[in-house]
Amino acid sequence: MTSDVPDNPIDTEAGAGLAAVLEALLLVVDTPVTTDALAVATDQPAARIAETLHSMAEQLTARDSGIDLREAGGGWRMYTRAKFAPYVEKLLLDGARSKLTRAALETLAVVAYRQPVTRARVSAVRGVNVDAVMRTLLARGLITEAGTDTDSGAVSFATTELFLERLGLTSLTDLPDIAPLLPDVDVIDDLSETLSEEPRFMKLNGAPTSEAAVSFDPDRE
């Protein structure tokens, strides 16, 4: 098996080292990941991966960790342990009342004007990792999963009815010019090669419009 791991990899031959690597990988996935996929990522036998995952799950349960590592949906994923759900809900609800950061607004704008769009494409347009921001937008109900990309098979995302409600819009065709949200990014070329063919993007190409610019307030009632 060929390896593309870093020049100075963690010692995965040691049980603790492999567990740490698997923990890092499981923290960044949004869907259950198979033992085979983890085996490829770590350059380790699938049987050893499975054994380590079961051991990790048992250790987390034994120390009553807030994280629950479970095998479900054909793969492994970390979940919040059910008994701590009330605290998680309180944090998310409190967070939902706070203002979105500039990074979140920029990411939301890319999703809105490029939907359905994959996480990787959003990252490419913004030039930064957007995993945490996307999770925030998902938690607030402003974006949602919208199938899979036909080319890559990756999950695609789109805005929700709540997104339109918060902007005071009735449909995506009423979206304002994206420039106020991304003043430092040349998005016309980056977002799509077919913007001119899509009505909701016509404003980006300078088409006349009588609508006033709309400012986004996630707390709007």
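FYI, in our numbering the residues of the sequence shown are 1 to 221.
C-beta: ideal position from N, C-alpha, C; glycine also.
Practice problem: Drop a sphere of 10 angstroms on the beta-carbon of GLU106, count the other beta-carbons inside from all chains shown, and report buried for 16 or more, exposed for fewer. | Solution: In the sequence shown, counting from the first residue as 1, residue 106 sits at position 106. Buried, since its Cβ has 16 or more Cβ neighbours within 10 Å.
**Asked** Among THR160, ALA124, MET56, which one has its Cα closest to the Cα of SER65?
**Response** In the sequence shown, residue 65 corresponds to position 65, counting from 1. Looking at the Cα atoms, MET56 is the closest of the given residues.
Local conformation of GLY132 per DSSP, three classes | Locating residue 132 in the sequence shown gives position 132, where the first residue counts as 1. Going by the sequence as given, residue 132 is Ala instead of Gly. It is helical.
Between the stretch 109-128 and the stretch 74-93, can you find at least three pairs of beta-carbon atoms closer than 8 angstroms? no
Notebook entry, point to check: When we look at the beta-carbon of ALA132 and count the other beta-carbons within 10 Å, is it buried (16 or more) or exposed?
Noted result: As a working mapping, residue 132 is identified with position 132 in the sequence shown. Exposed, because fewer than 16 other Cβ atoms sit within 10 Å of the Cβ of ALA132.
(message) Please state whether the Cβ-Cβ distance between PHE163 and ARG119 is less than 8 angstroms.
(response) Mapped onto the sequence shown, residue 163 falls at position 163. Mapped onto the sequence shown, residue 119 falls at position 119. Not in contact: PHE163 and ARG119 (Cβ atoms no closer than 8 angstroms).
**Study point:** Cβ separation of LEU60 and LEU69, assumed to be a contact under 8 angstroms, to the nearest whole Å
**Key:** Start at 1 with the first residue of the sequence shown, and residue 60 comes out as number 60. Start at 1 with the first residue of the sequence shown, and residue 69 comes out as number 69. Their Cβ separation, rounded to whole angstroms, is 5 angstroms, which keeps LEU60 and LEU69 in contact under 8 angstroms.
Original post:
Taking the continuous beta strand (DSSP E) assigned at THR148, which residues delimit it?
Top reply: The sequence position of residue 148 within the sequence shown is 148, counting from 1. Taken as a continuous stretch (DSSP letters only), the beta strand (DSSP E) holding THR148 covers 143-148.
| Are the beta-carbon atoms of THR136 and ALA104 separated by less than 8 angstroms? | As a first step, residue 136 must be located in the sequence shown, where it is residue number 136. As a first step, residue 104 must be located in the sequence shown, where it is residue number 104. Yes. Within cutoff.
Notebook entry, point to check: Near ALA82, which residues of its chain fall below 8 angstroms by C-beta distance, leaving aside the five closest residues on each side in sequence?
Noted result: For the purposes of this step, residue 82 is taken as the residue at position 82 of the sequence shown. Closer than 8 angstroms at the Cβ level, and outside the excluded window around ALA82, lie ASP68.
Item to complete: Mark SER196 as exposed unless 16 or more other C-beta atoms lie within 10 angstroms of its C-beta, in which case mark it buried.
Response: Walking along the sequence shown from the start, residue 196 turns up at place 196. Per-residue confidence for SER196 stands at a pLDDT of 40, beneath the threshold of 50, marking its modelled position as unreliable; no derived number is given.
Can you give me the C-alpha to C-alpha distance between ARG41 and LEU18, rounded to a whole angstrom?
The residue you call residue 41 lines up with position 41 of the sequence shown. The residue you call residue 18 lines up with position 18 of the sequence shown. Residue identity differs from the one stated: residue 41 is Ala in this sequence, not Arg. Distance between the alpha carbons of ALA41 and LEU18: 11 angstroms.
Return the first residue and the last residue of the alpha helix (DSSP H) that PHE163 is part of.
-> If you number the sequence shown from 1, residue 163 lands on position 163. PHE163 -> alpha helix (DSSP H) spans 161-167.
Which whole-angstrom value is the C-beta distance of ILE49 and THR35, which I expect to be below 8 angstroms? Looking up residue 49 in the sequence shown gives position 49. Looking up residue 35 in the sequence shown gives position 35. Yes, they are in contact, since the Cβ atoms of ILE49 and THR35 sit about 5 angstroms apart, within 8 angstroms.
Local conformation of LEU91 per DSSP, three classes:
Numbered from its first residue, the sequence shown carries residue 91 at position 91. It is helical.
Item to check | Beta carbon proximity, THR160 to chain D, threshold 8 angstroms | outcome: Among the chains of the structure shown, chain D does not appear; only one protein chain is present.
For this session: Could you name the residues that DSSP lists as bridge partners for PHE157?
Result: The sequence position of residue 157 within the sequence shown is 157, counting from 1. DSSP output for PHE157 lists VAL117, GLU145 as bridge partner(s).
**Residues near THR80 in its chain [Cβ-Cβ closer than 8 angstroms; skip 5 each side]** = As a working note, residue 80 is residue 80 in the sequence shown. If we look at THR80 and ignore the five residues flanking it on each side, its Cβ neighbours are GLY66, ILE67, ASP68, VAL88.
**Prompt:** Would a C-beta distance cut-off of 8 angstroms place THR173 and THR160 closer than the cut-off?
**Reply:** Within the sequence shown, numbered from 1, the residue matching residue 173 stands at position 173. Within the sequence shown, numbered from 1, the residue matching residue 160 stands at position 160. It is not a contact, given that the beta carbons lie outside the stated cut-off.
Whose CA, out of LEU100, MET134, GLY127, ALA146, lies closest to the CA of GLN115?
Taking the sequence shown and counting its residues from 1, the one referred to as residue 115 is at position 115. Of the listed residues, the one whose Cα sits closest to GLN115 is ALA146.
Where ARG121 and GLU58 are concerned, what is the direct C-alpha to C-alpha distance, given to the nearest angstrom? Mapped onto the sequence shown, residue 121 falls at position 121. Mapped onto the sequence shown, residue 58 falls at position 58. Approximately 37 angstroms, taken between the alpha carbons.
Exercise. Who are the near neighbours of ALA154 in its chain, counting only those whose CB is closer than 8 angstroms to its CB and skipping five residues on each side?
Worked result: What you label residue 154 is simply residue 154 of the sequence shown in a count that begins at 1. These residues qualify, in order along the chain: THR118, ARG119, ALA120, THR148.
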